[in-house]
Amino acid sequence: AQTVTQSQPEMSVQEAETVTLSCTYDTSENNYYLFWYKQPPSRQMILVIRQEAYKQQNATENRFSVNFQKAAKSFSLKISDSQLGDTAMYFCAFMKHGRDDKIIFGKGTRLHILP
Amino acid sequence: NAGVTQTPKFRVLKTGQSMTLLCAQDMNHEYMYWYRQDPGMGLRLIHYSVGEGTTAKGEVPDGYNVSRLKKQNFLLGLESAAPSQTSVYFCASSHQRGGLETQYFGPGTRLLVL
């Protein structure tokens with residue numbers, strides 16, 4: 092069974108700083124997808140970034156980038172020039188490629204951006 | 496497009512009562528999902544559907560039933576609610592498998608079982 096672990100329950104950083112959220116996962120699959128979701132106080136789940144395991148290049152989306160290390164099964168999220176609006180819960184998630192389309196989520200990291 | 500909508504937004508039930516949560520999507524997505532979110536537990540998949548008329552169990556299916564009679568709707572039922580089912584429930588839908596499409600989430604339904 093796949094598992095996703097986020098070891099940082101809560102983090103705080105000053106506005107404009109860079110912050111990295113950790114995520115590790117365990118799987119025996121070779122083809123899969125990894126995601127970072129943001130959940131602001133409004134509770135809506137918003138996709139931040141996704142990575143396909145067969146791609147070696149790290150995904151980037153504006154101020155958000157990942158450090159994907161397949162061998163180490165690590166998928167960290169870096170937020171550059173953090174903004175107050177980045178305050179939210181962040182979930183790391185895993186989905187294996189194939190008939191089973193279930194997404195497995197980590198427990199989340201609560202991120203506070205301080206003014 | 497309204498995207499993914501959920502009804503109701505909030506509900507209080509007494510132990511043993513039944514209720515149905517409705518999820519609707521107007522994006523013609525094949526795949527739909529029901530999750531529950533508990534403090535310290537993250538999101539856990541309850542049931543999902545890969546198309547109209549089909550359903551499958553997720554990680555935590557016990558105590559829930561689902562139906563997908565119409566492509567745009569995915570219903571989650573609680574036949575006899577228990578306090579352990581107090582949670583926030585999220586519905587999601589997606590167009591196709593894997594990383595080619597994302598899952599679009601609804602706003603959530605907060606359920607309190609007394």
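Protein chains in written order, with this note's numbering: chain A, 92 to 206; chain B, 496 to 609.
For every residue, glycine included, the Cβ atom is placed at its ideal position computed from N, Cα and C.
Since we're looking at a predicted model, the values are computed, not measured.
Would you say residue i lies against chain B (beta-carbon separation less than 8 Å)?
i         : result
A/Lys-161 : no
A/Met-136 : yes
A/Phe-196 : yes
A/Lys-53  : Any answer about residue 53 of chain A is impossible in this case: the structure gives chain A only from 92 up to 206.
A/Lys-129 : no
A/Phe-155 : no
State yes or no: is the beta carbon of residue i nearer than 8 Å to at least one beta carbon in chain A?
i         : result
B/Phe-505 : no
B/Leu-571 : no
B/Met-536 : yes
B/Gly-553 : yes
B/Tyr-543 : yes
B/Leu-540 : yes
Beta carbon of residue i, beta carbon of residue j: below 8 Å?
i         : j         : result
A/Tyr-181 : A/Leu-112 : yes
B/Met-522 : B/Gly-546 : no
B/His-524 : B/Ser-588 : yes
B/Leu-570 : B/Val-507 : no
Terminal residues of the continuous beta strand (DSSP E) containing residue i?
i         : result
A/Tyr-181 : 179-187
A/Ala-92  : Premise fails: A/Ala-92 is in no beta strand (DSSP E) and is neither H nor E.
A/Gln-97  : Run containing A/Gln-97: none; DSSP gives neither H nor E here.
A/Lys-169 : 165-170
Return the residue from the list the options that minimises the CA-CA distance to residue i.
i         : options                                    : result
B/Thr-581 : B/Gln-532, B/Gln-567, B/Leu-570, B/Met-527 : B/Gln-532
B/Arg-605 : B/Gln-598, B/Tyr-584, B/Arg-563, B/Tyr-599 : B/Tyr-584
A/Gly-176 : A/Val-95, A/Ile-195, A/Asn-149, A/Leu-202  : A/Leu-202
A/Ala-179 : A/Thr-94, A/Val-95, A/Thr-96, A/Pro-100    : A/Pro-100
A/Ile-140 : A/Thr-109, A/Gln-105, A/Leu-125, A/Lys-193 : A/Leu-125
B/Asp-557 : B/Gln-567, B/Asn-568, B/Leu-540, B/Lys-565 : B/Leu-540
For a contact defined as C-beta to C-beta under 7 Å, what are the partners of residue i on chain D?
i         : result
B/Gln-520 : The structure shown has no chain D; the protein chains it does contain are A and B.
So residue i and residue j are in contact, right, with Cβ under 8 Å, and what is the actual spacing, rounded?
i         : j         : result
A/Phe-185 : A/Tyr-145 : Contact flag wrong, Cβ pair sits at about 15 Å.
A/Glu-108 : A/Ser-173 : 6 Å
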